[in-house]
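For the sequence shown, full-length UniProt numbering gives the first residue as 1, with consecutive numbering after it.
Taking it in order: structure first as structure tokens, then the write-up.
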Amino acid sequence: TAIASTAAPAAVALARVGTIRPPKSVAPVETISTPSPIISVTSIPNQIKMDTTTDSYIADDDLQTNKTSLLPSDDKSKNKENKDESARRSDAEPVSAAVMAKRVTPQDNLETPEDEKEEKLPARFLAAGKGNVEQGWIRYNATKVWREKEGIDTILSEPHEHFLTIKQNWPHYFHLRGKKNECCYYEIPAKMKLGPMRKEGITMKELLRHYAMVTEFMWAHVEPSEEGKSIYVIDLEGLGLRDFMGEVVEFVKATASFTGQHYPERAGYIFVMNVPSWFSVIYSVVQPMIDPVTREKVKIVGKYKAEIETALKQCIDIENIPPRYGGKSCELGEAPEEKLFFDLMKRNNEQCST
Numbered sequence: 001t002a003i004a005s006t007a008a009p010a011a012v013a014l015a016r017v018g019t020i021r022p023p024k025s026v027a028p029v030e031t032i033s034t035p036s037p038i039i040s041v042t043s044i045p046n047q048i049k050m051d052t053t054t055d056s057y058i059a060d061d062d063l064q065t066n067k068t069s070l071l072p073s074d075d076k077s078k079n080k081e082n083k084d085e086s087a088r089r090s091d092a093e094p095v096s097a098a099v100m101a102k103r104v105t106p107q108d109n110l111e112t113p114e115d116e117k118e119e120k121l122p123a124r125f126l127a128a129g130k131g132n133v134e135q136g137w138i139r140y141n142a143t144k145v146w147r148e149k150e151g152i153d154t155i156l157s158e159p160h161e162h163f164l165t166i167k168q169n170w171p172h173y174f175h176l177r178g179k180k181n182e183c184c185y186y187e188i189p190a191k192m193k194l195g196p197m198r199k200e201g202i203t204m205k206e207l208l209r210h211y212a213m214v215t216e217f218m219w220a221h222v223e224p225s226e227e228g229k230s231i232y233v234i235d236l237e238g239l240g241l242r243d244f245m246g247e248v249v250e251f252v253k254a255t256a257s258f259t260g261q262h263y264p265e266r267a268g269y270i271f272v273m274n275v276p277s278w279f280s281v282i283y284s285v286v287q288p289m290i291d292p293v294t295r296e297k298v299k300i301v302g303k304y305k306a307e308i309e310t311a312l313k314q315c316i317d318i319e320n321i322p323p324r325y326g327g328k329s330c331e332l333g334e335a336p337e338e339k340l341f342f343d344l345m346k347r348n349n350e351q352c353s354t
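Written out as structure tokens, the structure reads:
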């Protein structure tokens with residue numbers, strides 16, 4: 001049905017800010033390979049699960065301890081003694097490190113692997129692994145490999161010849177702070193104009209590289225702290241059912257892949273505003289896929305300006321809300337964070353030309 005066909009893209013739109021919990025039955029997403037220096041978007045490896053279980057791992061030493069109870073024996077009394085001995089050993093001996101890893105809490109954070117004694121597991125990756133240290137390290141190491149492969153550590157020093165064209169044809173802005181000092185980011189997906197960008201020779205791969213640059217700028221310059229959170233405002237003004245198909249959706253899918261995997265636990269609040277009347281039907285399909293913890297952060301807001309203003313004022317002071325949404329701040333695109341971003345890109349391009 002039409003509703004079913006639009007549910008997946010809607011889920012992906014929320015996934016970009018880390019809200020979607022993929023069902024366990026979903027097959028891994030295929031890798032989208034792109035040539036350097038353009039970014040490639042890689043799906044989460046098979047061994048990494050967003051909703052890992054904690055009872056499927058049995059350490060080798062535990063199997064060794066209990067193997068006597070698994071072997072046939074004609075001597076029932078001897079077998080019983082072995083079982084009793086196993087029970088005494090279980091109470092007396094320390095639990096293996098592998099098993100303890102399953103029980104660790106975030107505040108314990110954490111013995112590092114032997115080959116990484118100088119490095120601690122970032123709390124965000126531990127949380128993304130649902131408190132499972134092993135899964136947290138798998139995700140964190142995958143992110144380090146991705147950053148090196150794609151040159152993310154130096155991406156903000158690269159020239160960006162299409163920066164102005166992209167900003168003019170795709171409304172996305174950094175804009176001041178929330179009440180808890182969250183960095184605020186606004187985006188209007190339906191207003192993206194692919195035609196003019198295509199005429200300038202901008203490919204979807206280059207748009208992905210740009211989005212990686214935007215994301216890295218947020219967490220390297222706007223809010224460089226490891227504990228920093230964001231308020232993500234998605235304005236659906238002008239959205240139609242036709243917008244759930246085609247290149248825009250493919251772009252959102254690709255950005256969702258790398259932001260969800262490599263920038264976990266960054267969402268403070270997500271406002272989805274100016275929603276059309278039919279959006280509630282789609283969201284009812286998407287909602288079960290959202291992690292319960294994150295679901296509380298998602299606020300669906302209608303089209304009325306007063307309703308939008310009231311919703312945003314819960315998390316953002318009126319002086320920091322854009323006039324477009326009933327606030328008293330400067331216009332979108334005029335915030336200090338945006339000017340800093342423009343200045344950085346201008347300097348990079350000038351240095352390249354000289």
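Ideal Cβ placement from N, Cα and C applies to all residues, glycine included.
Predicted model, so just to flag it, every value in this text is computed and none were measured.
Could you tell me if residue i is buried or exposed, where buried requires 16 or more neighbouring beta carbons within 10 angstroms of its beta carbon?
| i | result |
| --- | --- |
| isoleucine 318 | exposed |
| arginine 139 | buried |
| proline 122 | buried |
| tyrosine 185 | buried |
| aspartate 235 | buried |
| serine 56 | Residue placement at serine 56 is poorly supported in this model, since its pLDDT is 33, which falls under 50; the coordinates are not used for a value here. |
| valine 145 | exposed |
| glycine 131 | buried |
| glutamate 226 | exposed |
| glutamate 93 | Residue placement at glutamate 93 is poorly supported in this model, since its pLDDT is 41, which falls under 50; the coordinates still yield a value, given next. Burial call: exposed. |
| alanine 254 | buried |
| threonine 154 | exposed |
| serine 329 | buried |
| arginine 347 | exposed |
| proline 264 | buried |
| alanine 128 | buried |
| proline 189 | buried |
| glutamate 187 | buried |
| methionine 345 | buried |
| arginine 209 | buried |
| arginine 89 | The pLDDT assigned to arginine 89 is 42, lower than 50, so where the model puts this residue is not dependable, and the model offers no usable value. |
| valine 281 | exposed |
| valine 293 | exposed |
| proline 45 | Model confidence at proline 45 stands at a pLDDT of 35, short of 50, so the residue's coordinates are unreliable; what they give is reported in the following sentence. Flag for proline 45 reads exposed. |
| methionine 197 | buried |
Let me check understanding here. Comparing Cα to Cα, which of the options lies closest to residue i?
| i | options | result |
| --- | --- | --- |
| phenylalanine 279 | Gln135, Asp153, Tyr140 and Leu241 | Leu241 |
| glycine 268 | Asp153, Cys315, Glu158 and Gly151 | Cys315 |
| serine 284 | Ile300, Phe271 and Val133 | Ile300 |
| isoleucine 166 | Tyr304, Met204, Val286 and Leu126 | Met204 |
| isoleucine 308 | Lys297, Glu296 and Ile321 | Ile321 |
| arginine 324 | Thr310, Lys305, Leu340 and Phe342 | Lys305 |
| glutamate 310 | Arg295, Thr294, Lys297 and Gly327 | Looking at the sequence provided, one finds threonine at residue 310 rather than glutamate. That would be Gly327, whose Cα lies nearest to the Cα of threonine 310. |
| valine 248 | Ala128, Val281, Leu207 and Trp219 | Leu207 |
| proline 276 | Glu296, Lys297, His221 and Gly238 | Gly238 |
| lysine 179 | Gly136, Ile282 and Leu312 | Leu312 |
| arginine 177 | Ala335, Leu164 and Ser353 | Ala335 |
| tyrosine 173 | Ala256, Phe341, His262 and Ser353 | Phe341 |
| lysine 339 | Gly228, Val222 and Pro292 | Val222 |
| glycine 228 | Ile202, Arg266, Gln261 and Val133 | Arg266 |
| glycine 260 | Lys120, Glu119, Glu118 and Phe125 | Phe125 |
Which residues share a DSSP beta bridge with residue i?
| i | result |
| --- | --- |
| isoleucine 231 | Cys184 and Tyr269 |
| arginine 177 | Cys183 |
| valine 298 | Ile270 |
| histidine 172 | Glu187 |
Going by beta-carbon coordinates alone, are residue i and residue j separated by less than 8 Å?
| i | j | result |
| --- | --- | --- |
| serine 230 | glutamate 200 | no |
| histidine 162 | glutamate 337 | no |
| residue 391 | phenylalanine 251 | The shown model of the chain, from 1 to 354, leaves out residue 391, and the question about it has no answer. |
| proline 159 | asparagine 349 | yes |
| lysine 193 | asparagine 169 | yes |
| glutamate 216 | isoleucine 290 | no |
| phenylalanine 271 | valine 233 | yes |
| asparagine 274 | lysine 303 | yes |
| alanine 220 | leucine 156 | yes |
| threonine 143 | histidine 262 | yes |
Looking at the unbroken alpha helix (DSSP H) that takes in residue i, where does it start and where does it end?
| i | result |
| --- | --- |
| cysteine 352 | 336-353 |
| glutamate 307 | 305-313 |
| glutamine 168 | 163-169 |
| asparagine 141 | 133-150 |
| tyrosine 325 | Taken as a continuous stretch (DSSP letters only), tyrosine 325 belongs to no alpha helix (DSSP H), as it is neither H nor E. |
| threonine 255 | 247-262 |
| glutamate 216 | 204-217 |
| methionine 197 | 194-199 |
| leucine 241 | Careful: leucine 241 lies outside any alpha helix (DSSP H) and carries neither H nor E. |
| alanine 127 | 123-128 |
Does the ligand SAM have a heavy atom nearer than 7 Å to the CB of residue i?
| i | result |
| --- | --- |
| alanine 190 | The ligand SAM is absent from the structure shown, which contains no ligands of any kind. |
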